[in-house]
Each structure stands twice: as C-alpha cells, then as structure tokens.
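*Asks:* Residue numbers (this note's numbering): 195 to 675. Backbone N, C-alpha and C define an ideal beta-carbon position, used for all residues, glycine too. This is the structure, below, for whatever I ask next.
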Amino acid sequence: MTSTPEDIELPEAAQTTAGPSVASLKVTAGQVVVDENHPFDLDAYLSSYTGRTAYMRAVFIAQRCPSLAPQAYQTALEHLLQGSDVQSYVTVLSAYNSLPGVSQAPQDPEYVDKTIANNTKEKDRLEVDLKTYAANMIKESVRLSHRELGRYYYSTGDYAAALRNHMKSREFCTNATHVIEMCVSVLEILLEQQNYAHLSTYIYKAETALDASQPAKNSKAGGAAASPERTKIQAKLEFASAMAEMGAGRYDKAAYAFLKMKNDLGDWNGKVVTPSDIAIYGTLCALASLSRSAIKAAVLESETFGYYLEQEPYIRDILDAYMGSKFKDVLLLMERYSSRHLLDIHLAHHVPTLAQQIRNRALVLYFQPFATVHLERMAAAFGMELADMEANIVKLIEEGLIKARIDSQNKILKAKDHDPRVELYNRAVTAGLETEASTRKLLWRMKLLQADIVIRAPKGQRGEGRQDSLQSGLIGWDDLA
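In structure tokens, the structure reads:
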C-alpha cells in the first residue's frame, strides 16, 4: 500500500534525510552583546525549555552571542545526550571544540554506538510493524505506525521523514480526533523549523476537525462547556496562528492572536514556547501596530493575557511607560532587554522592525498635541541625538505619518495649518461637482433614448451585447425585456 504526502511542500531545510545542522538554523546577521547594561541569564532562560527546543535555542544563542557560546554549547550537548539525535550531537560537539580558548571535549563513543544501535533497532521494528499492518489492511494500526514513525524520525532530527509519516497517517484517520492529532504534530515540527508559511494550512484543517467533533460531544453532554483537552488544542492553534501572522510581518493580526490566547498550552508549554515568550511576542506586536486605546482594552484590561504579563515584569514596565507617554523610558527598557529579544529564535528576525515601528508610533503620539515643538526638546524627551531625531522626523513626514514641516535653521517642527472650515468647504465643492457631472450624464442618456439613438446588437448576439450596453449606459427597451 503506497501513499503520498499532501497539501504541503517540504521546506528546503527538511528535504534532506540528515538531522538539522548548526548551519541550517536561521541566524540574523550581527552579534548580540550581553553585559551589565544588557543582562541575560542563560541558565534561567534555557531551564524553561525541554526537549529539542532547548537544544535548538541553545545553539541559536551560541551562534549569535560569542560571550555565551561555550556555556550555550555545553547546555545543548547536555540536552542532546538525553536524546537520540546522534548527528546533531556530533555537529554541536565539533562547533564547541572549534571555539577559541576552550578545552577540547572528547566524543562519548558509548553514547554514539549505543544510540545508533537503539535507533536502528527501533526503526526496523517500526517498519516491520507498518508492513505487517498494511498487508493485513488494519487501518487504525497503520495510522498508529505512521504516527510512531513520525515521532521516531522527529526524535532523531530527520524532519523530512517525520513530516512524511505524519502526513501519510492522514489517509488512515477515521475521525476528527485523529485528524487533529496529525495536524498538531505537523504544526509542532513546522514551528521548530520556523516554517511559518505552511502553518495556516494545518491550522485550518485542525480547526475544521475541531468544529466537526464538538457538535457530537455537545449533543451528548447537553451543551456542556468545552472539555479541557479541547481548550488545550484551541490554545495551540491560536499560538500557531499568531506565529504565522508574526512570521509574515502582519504584526497587528499577530498581536490580536497572541492577546486572545488561553493560558493552557498543555505539553507545548516549555516544549515549544513558554508564557514569557508569549508575553513578549504579544506586547511588542501590540506596541508596534495598535493604538493606545486598543492596547488598553486588549492588553492591560485583558483577563487572559494578564497571566502572561505576570511572567515578565519588565514587559509590564514597558507598557506602563508607553501608556504614560514616558517614551524615553520605553526606549531605554527596549534597549536594556534587547539581548533577550535578539536571542529569541523566533523573535530575533523581527526585533529591528518592531523597534522601529514602536519608536515611530511614540514620535507621532508625542507630537500630536503640539502646533510647534523644538527638535532639541523632542530629542531630549526620547534620549536621542538631534541629528537622529531630525532624520526620523523627516522619514515620518515623507511617509505621511506626521503632517508637519521642519524649520531646519531654527530646528523647529511646525504642524501644517489645519482649518476645518476650509476642508468642509472643499469637500462640499467636490461633492457638488461630482453630483453635477453625474446629473449631466443622466440627462444625456435620457435624450439619447428619446431620440432612439441606441445601438442594439443582432438577435444572435443579444446576450453578449447586453454586457456592453450595461457598461456604456445605453440600454434599449429590447435589452431590458
């Protein structure tokens, strides 16, 4: 019995049978500095994660922060020694030994030989079981075999094979619960690969299956509240949806998706993401894309997102400073904790854009109450150099976000004159001219009809000519019949 994966194009990173190497991880250019002014507690950060996520994040940090590289690689090796991914262990060990000034760490031959033997034995067993069940046409057993093979390949770092087996199990799903299980497994792998573009496909499949399974349960339970398991699945789908939006740069939609998340991710808590991550992602996306009124309603007054804000106190400080128009404090806090953001495997790529959008929104909000303001005073309020402030303001004026002009000699920002009476008069004149033009066209059409000057298509082409008559406005009585 043969089957092929559907509805997804395997990412380039997953099209090899080998496990993910250090070089395959997505890394933003530049090195992150960790010091007294930019603190980052590596041990506390990585202790929140388990499984492959801990190893992937540790390697990402090692690549981006030379000062933390030895410690991060050591932590990654500790996690890998507890798993079955031999190739990643060898690759990370080689990367650690290539660091300058570190004592060479020997390879653990016992772990390598034993793990390879166990992996081969487990793979042979699973493949034999799959062939047996497929030959006997035992549909549920075939589905379970594909699921177990997917989990095996995932544990060994072979994402391509893991995705193929999880997707092959779709053919043998007999109810909505099976479909949901398959979709969640695929979503977990795609998130680990940072393959955000394909998330929406499986989110939709899972949501459809979830909606299909609920009516039956409600009819049996008399319309009872959603089960804890459904709540966990819904939270996972909401997180995956938010990550898809953030990955595509749609920060406003990502913000609303993060802000409505429930606080029960089940086994994804620590395995895929932590509540601290959600607090940071949701808050930064909200500050970069939402108005202050929307932030107050969706973030500060939210019952569900309040749980996440408690996990990162400095995020609450940033929000309070922003809502209190203390924009210098906002930028200082953003800069102080920039290492935490730039060393996040999912967020790092978006940090420059988010920081720029937050700063732009703060500049617009600061200038709104004023008719004129000295650029020196504005620069002091934001803790920026005068030249940098002027360059930012010029860019905002060019983009139409600030309606003002700059007096370059006196370094004064002046709002453009805004006369509501003139604008109202201009709108009235424009509406009058449009009405006059429309009326003239209607009168002209009536005169053409009265004079029977109407072009009619031949009877055989009357259907095609009707469309042209409608577009031209010349419709004869025969066309309307």
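Please tell me whether Ser532 and Glu506 are closer than 9 Å, where the distance is taken between their beta carbons.
*Replies:* Contact: no.
*Asks:* In the structure shown, what three-state DSSP assignment does His340 receive?
*Replies:* Helix at His340.
*Asks:* Evaluate the contact criterion for the segment 371 to 380 versus the segment 349 to 362: three or more CB pairs, one atom per stretch, below 8 Å.
*Replies:* Output reads yes: the segment 349 to 362 touches the segment 371 to 380.
*Asks:* Mind checking which residues open and close the alpha helix (DSSP H) that includes Ile647?
*Replies:* First-last for Ile647: undefined, no H or E at that position.
*Asks:* Kindly list the residues whose CB is nearer than 6 Å to the CB of Arg510, restricted to its own chain and excluding five residues on each side of it in sequence; keep chain order.
*Replies:* Hits under 6 Å: Leu503.
*Asks:* Nearest-angstrom Cα distance between Gly460 and Asn389?
*Replies:* C-alpha separation (whole angstroms): 22 Å.
*Asks:* Who does Lys608 pair with in a DSSP beta bridge?
*Replies:* DSSP lists Thr566, Arg599 as partners of Lys608.
*Asks:* Quick one: what does DSSP say Lys414 is sitting in, helix, strand or coil?
*Replies:* Low confidence applies here, because Lys414 scores a pLDDT of 46, under 50, leaving its location unreliable and the question unanswered by this model.
*Asks:* Excluding the five sequence neighbours on either side, which residues of its own chain have a C-beta within less than 6 Å of the C-beta of Leu494, listed in chain order?
*Replies:* Same-chain partners within the cutoff: there are none.
*Asks:* Are Ser680 and Asn457 closer than 9 Å when you measure CB to CB?
*Replies:* Beyond the ends of the chain as shown, which are 195 and 675, falls residue 680; an answer cannot be given.
*Asks:* So if DSSP puts Leu467 in a beta bridge, which residue, or which two residues, is it bridged to?
*Replies:* For the sequence presented, residue 467 should be read as Val rather than Leu. Its beta-bridge partners are Asn463.
*Asks:* What is the DSSP secondary structure of Arg364, reduced to helix, strand or coil?
*Replies:* In the structure shown, Arg364 sits in a helix (DSSP, three-state: H, G or I).
*Asks:* Determine the direct distance from the alpha carbon of Ala311 to that of Asn330, and round the result to whole angstroms.
*Replies:* Going from the Cα of Asn330 to the Cα of Ala311 covers about 29 Å.
*Asks:* Do Asn586 and Arg553 have their C-beta atoms closer together than 9 Å?
*Replies:* Yes; because the gap between Cβ atoms is below 9 Å, this pair is in contact.
*Asks:* Rounded to the nearest angstrom, what separates Asn463 and Phe254 at their Cα positions?
*Replies:* Cα-Cα distance, rounded: 20 Å.
*Asks:* Taking the continuous alpha helix (DSSP H) assigned at Arg424, which residues delimit it?
*Replies:* Run containing Arg424: 422 to 441, per the alpha helix (DSSP H) assignment.
*Asks:* I need the straight-line Cα distance from Leu540 to Pro563, nearest angstrom please.
*Replies:* A small correction: the amino acid at residue 540 is His; Leu does not occupy that position in the sequence shown. Whole-angstrom Cα-Cα distance: 37 Å.
*Asks:* Rounded C-beta distance between Leu607 and Ile600? I'm assuming under 8 Å.
*Replies:* 6 Å between Cβ atoms; contact.
*Asks:* Buried or exposed: Tyr327, going by 16 or more other Cβ atoms within 10 Å of its Cβ?
*Replies:* Label assigned to Tyr327: buried.
*Asks:* Check whether the segment 435 to 450 touches the segment 478 to 491, taking contact to mean three or more Cβ pairs, one atom from each stretch, closer than 8 Å.
*Replies:* Short answer: they touch.
*Asks:* What alpha helix (DSSP H) runs, 4 residues minimum, are completely inside the segment 347 to 410?
*Replies:* Within the segment 347 to 410, the complete alpha helix (DSSP H) runs of at least 4 residues are 353 to 362, 370 to 387.
*Asks:* Can we say the segment 520 to 529 touches the segment 483 to 501, given the rule of at least three CB pairs closer than 8 Å?
*Replies:* The answer is no - the segment 483 to 501 does not touch the segment 520 to 529, with fewer than three Cβ pairs under 8 Å.
*Asks:* Measure the alpha-carbon distance for Gln551 versus Glu584 and round it to whole angstroms.
*Replies:* Cα to Cα, Gln551 sits roughly 16 Å from Glu584.
*Asks:* How about Ala542 and Tyr560: are their beta carbons less than 9 Å apart?
*Replies:* Against a cut-off of 9 Å, the Cβ pair of Tyr560 and Ala542 comes out as no contact.
*Asks:* How about Leu381 and Ala400: do their beta carbons lie closer than 9 Å?
*Replies:* Contact flag set, yes.
*Asks:* Are there 16 or more other CB atoms within 10 angstroms of the CB of Lys635, so buried, or fewer, so exposed?
*Replies:* It is exposed - the Cβ of Lys635 has fewer than 16 other Cβ atoms within 10 Å.
*Asks:* Please name the residue in Arg621, Arg530, Lys520, Val567 whose C-alpha comes closest to that of Ser602.
*Replies:* Answer by Cα proximity: Val567.
*Asks:* To the nearest angstrom, how far is the alpha carbon of Glu423 from that of Phe433?
*Replies:* Glu423 and Phe433: Cα-Cα distance of roughly 16 Å.
*Asks:* Grab the span of the alpha helix (DSSP H) containing Gly577 for me, first residue to last.
*Replies:* Per DSSP, Gly577 belongs to no alpha helix (DSSP H) and is neither H nor E.
*Asks:* Does Tyr619 pass the burial test, meaning 16 or more other C-beta atoms within 10 Å, or should it be called exposed?
*Replies:* Tyr619 should be labelled exposed.
*Asks:* Use the C-beta contact count for Tyr475: other C-beta atoms within 10 angstroms, 16 or more gives buried, fewer gives exposed.
*Replies:* Buried: at least 16 other Cβ atoms inside 10 Å.
*Asks:* Could I get the ranges of all uninterrupted alpha helix (DSSP H) runs contained in the segment 490 to 572, with 4 residues as the minimum, in chain order?
*Replies:* Whole alpha helix (DSSP H) segments, 4+ residues: 497 to 503, 507 to 517, 521 to 530, 532 to 536, 545 to 561.
*Asks:* Along the alpha helix (DSSP H) that carries Lys315, what are the first and last residues, could you check?
*Replies:* Unbroken alpha helix (DSSP H) run through Lys315: 303 to 329.
*Asks:* I'd like the list of long-range same chain contacts for Lys333, defined as Cβ closer than 8 Å, with 5 residues on each side in sequence excluded.
*Replies:* Counting only Cβ-Cβ distances below 8 Å, and skipping sequence neighbours, we find Phe366, Thr368.
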